[in-house]
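Reading the sequence shown from the start, the letters are residues 1 to 242 in my numbering.
Since the structure comes first, as structure tokens, the remarks are kept for the end.
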Amino acid sequence: MIEIAVLPDAEAVGARAADIFDRAVQSGVRTLGLATGSSTDPVYAELTRRHGGRRNLYRTMQLFQLDEYIGLPVEHPERYLEVIRRSFAGPLGVPISRVQAPDAEGADPNLAGTSFELSIANAGGIDLQLLGVGANGHIAFNEPGTPFDSRTRAVELAGQTRRDNARFFKGDLDAVPRRAMSQGIATILSARRILLVAIGQAKSAPVAALVRTPPTPDLPVSALHDHPAVTMLVDLDAASGI
Ligand code: GLP
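Written out as structure tokens, the structure is:
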């Protein structure tokens, strides 16, 4: 079931999402799934404002990434591990050793996918998964057409996704990787609770489609209809097509 809250702006989305995170962490949640992209920025900014530089419960969390680009140098600022370090782990004092990402540089992506799934299972599963949505309805890097039973594996990025993400690479499309390791849709659905944030006009189409469309692989985010505990926070712009 998807519960939708329409909020005035990005800051309000960040504040509401931070409330949900804080309540979950206070109630004993141990494992968090983290997303990257601009929609999650207000969430991490608010958590940093509330807890950054202080003793806080996040320091002992086990963190799992949704995805990771293949082929970026280790020190590249857009490597998602680096983004998570900069925006969440660093400010909240979580040691980087507690952040797990699928190995995007190993020789065998199948092995990397299986071993990431095992790490999640060994941690007892993901209690709360934060998600964004791509303009084409992707979640993590599961592009339209991805089977709902998919697990962590190597994927090709859609042309639209690479064009959308070029803004993180100084607008240079050639610098955007063509492949990534991504949690599968079944991996995402196995989280106990999912929090989806969507901000801005560019998200009005996937948000409206999600509300209208029963689950179909053509719209990966529609898989969330099959999950028992999804909260979706959208700002007025992202809600404008509903
Ligand atoms: C990327 C990420 C997704 C994210 C999406 C939307 O492609 N792999 O996890 O949800 O972008 O990002 P943004 O919030 O920047 O629009």
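Beta carbons are placed, not taken as given, at the ideal position from N, Cα and C, and that holds for glycine.
This one's a predicted model, so the numbers in the text were calculated from it and none came from an experiment.
Sorting T114, H138 and T40 by C-alpha distance to the C-alpha of R162 places H138 at the top. Check the Cα spacing between A107 and each of E82, G71 and G124: the tightest is with G71. The Cβ-Cβ distance between L196 and L131 falls below 9 Å. Around the C-beta of T31, 16 or more other C-beta atoms lie within 10 Å, and the residue is accordingly described as buried. The closest CA to that of S39, considering only D237, G241 and Q62, is found on D237.
Collapsing the DSSP output to three states places F64 in a strand.
Collapsing the DSSP output to three states places I4 in a strand.
Unbroken beta strand (DSSP E) stretches of 3 residues or longer found wholly inside the segment 145 to 172: 153 to 156, given in chain order. Restricted to the segment 20 to 108, the beta strand (DSSP E) segments that are unbroken, complete and at least 3 residues in length are 31 to 34, 62 to 65 and 67 to 69, listed in chain order.
A residue is called buried when at least 16 other Cβ atoms come within 10 angstroms of its Cβ; D235 meets this threshold and is buried.
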